[in-house]
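Have a look at the structure below before the remarks.
2 protein chains.
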Amino acid sequence: MQITREADYAVRCVMYLAAAAGRPAPVGEIADAQGMSTPFTAKILQKLVNAGIAASRRGIKGGFVLGKAPSETTLLEVIEAVQGPLALNVCVVDKKNCDRSSHCSVHPVWMEVQADMKKKLGSYTFERLLKGKPH
Amino acid sequence: MQITREADYAVRCVMYLAAAAGRPAPVGEIADAQGMSTPFTAKILQKLVNAGIAASRRGIKGGFVLGKAPSETTLLEVIEAVQGPLALNVCVVDKKNCDRSSHCSVHPVWMEVQADMKKKLGSYTFERLLKGKPH
DNA sequence: TCAAAATAGGATAAAATTACTCCTGATTTG
DNA sequence: CAAATCAGGAGTAATTTTATCCTATTTTGA
């Protein structure tokens, strides 16, 4: 029921890039700053680039920057970029996984709770998160 | 981010017992009715008994019944009985798992989303679920 | 132009968790 | 006492998570 560590790290990466405000940050810098392993962080950043959340520049002076404004990126997007669509149960991913979906009174509850979660996580942009930063 | 299959099965068990309305149902019957494996279902029922959600009677004519009224058991309780306390991230389980909790602006978001989820899942009793049953 | 710094991506490996099974023992009923 | 049933510990298989490593490829600047 937890988000994966990968997703947690991805959020930290985006927070870092948002704070860096356009200056390209190489993997090593991001990983060190957040206490994450460099190769694993590299993989995560790759996924963020593929999702359009981050952008990369190769070569000396290269690194990663945000692919969109912090106000345009939400927690939900980042989580889904690394761990795929948020789903509370197999039957919510695909009804084929559960032949009971059609006559199961619990199914709509998973759907409802999942929709609530997505809505809330989708409402937190990184602009909002950055402003709320205590220190 | 999904509930485990164990938790899904546990919910089905409780639904079945609620529908059985006090008649003791042996593991084999429950497992067969829900298309689950018998030994695995037995393990899950054991956890439900330990959590007070179900009760058991040994011997011939024995089986499982609910330990409380359907109106007194919620989805949240059943899920937590088998997979432990619901938590969205390691840092929400225990702040010791994350030395960033104190200065991390994402931490309160995990807490908020988690609280919402618990509240909603806690609002669904099995009495309510049973009534909403289409067929 | 070439060396250094950086990302890209595929393959692989270790660890943890999930999803089970099996066996032996204890209890209850008739 | 025999049959049916749960209790619980130990063990196993499969899957997912959490990484690492290696070989490109790109970019910059001396």
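First to last, the sequence lines map onto chains A and B.
Once you know that position 51 of the first sequence is 51 in the numbering used here, the rest is easy, because the numbers rise by one and skip nothing.
Once you know that position 58 of the second sequence is 58 in the numbering used here, the rest is easy, because the numbers rise by one and skip nothing.
Even glycine gets a Cβ: it sits at the ideal position worked out from N, Cα and C.
Would you say ASP94 of chain B faces chain A, with C-beta separation under 9 Å as the test? no
Can you tell me whether GLU77 of chain A is buried or exposed? The criterion is at least 16 other CB atoms within 10 Å of its CB, across all chains shown. buried
In DSSP terms, what GLY63 of chain B is bridged to: B:ARG57
Could you give the residue range of the alpha helix (DSSP H) that holds MET111 of chain A? 107 to 123
Assign PRO70 of chain B to buried or exposed, taking buried as 16 or more other Cβ atoms, counted over all protein chains shown, within 10 Å of its Cβ. buried
Return helix, strand or coil for THR4 of chain B, following the three-state DSSP convention. coil
For chain B, find out if any of its Cβ atoms is closer than 9 Å to the Cβ of LEU66 of chain A; answer yes or no. no
Could you name each continuous alpha helix (DSSP H) segment of 4 residues or more that falls completely within the stretch 12 to 87 of chain B, going from the start of the chain to the end? 27 to 34, 38 to 50 and 75 to 83
How long is the line joining the alpha carbons of ARG128 of chain B and GLY122 of chain B, rounded to whole angstroms? 11 Å
Can you name, in chain order, every residue of its own chain whose Cβ lies under 6 Å from the Cβ of ARG141 of chain A, other than the five neighbours on each side? Because chain A spans 1 through 135 in this model, residue 141 of chain A falls outside it and cannot be assessed.
Please list the residues of the stretch 11 to 34 of chain B that have a C-beta atom closer than 9 Å to any C-beta atom in chain A, keeping them in chain order. VAL11, ARG12, MET15 and GLN34
I'd like the list of long-range same chain contacts for HIS135 of chain B, defined as Cβ closer than 8 Å, with 5 residues on each side in sequence excluded. Residue confidence is low: HIS135 of chain B scores 46 on pLDDT, short of 50, so the model does not pin down where it sits. No coordinate-derived value is stated.
Between TRP110 of chain A and LEU88 of chain A, is the Cβ-Cβ spacing less than 9 Å? yes
Local Cβ density within 10 Å of ILE60 of chain B, reported as buried at 16 or more and exposed below that: exposed
Could you work out which residue in A:VAL106, A:LYS119 and A:HIS107 is closest to GLU112 of chain B when comparing CA atoms only? A:LYS119
Partners in chain A for VAL78 of chain B, counting only beta-carbon separations shorter than 8 Å: Those do not exist, as VAL78 of chain B stays about 10 Å from chain A at its closest Cβ, beyond 8 Å.
Distance between beta carbons of GLY22 of chain B and VAL65 of chain B, contact taken as under 8 Å: 6 Å
Is CYS98 of chain B helix, strand or coil when you go by DSSP? coil
Sequence-distant residues of its chain with Cβ nearer than 8 Å to ALA7 of chain B (five each side left out): VAL78, ILE79, VAL82 and GLN83
Write down the C-beta distance between ALA25 of chain A and LEU17 of chain A rounded to the nearest angstrom, noting that I regard them as a contact closer than 8 Å. 6 Å
Please tell me whether ILE44 of chain A and LYS68 of chain A are closer than 9 Å, where the distance is taken between their beta carbons. no
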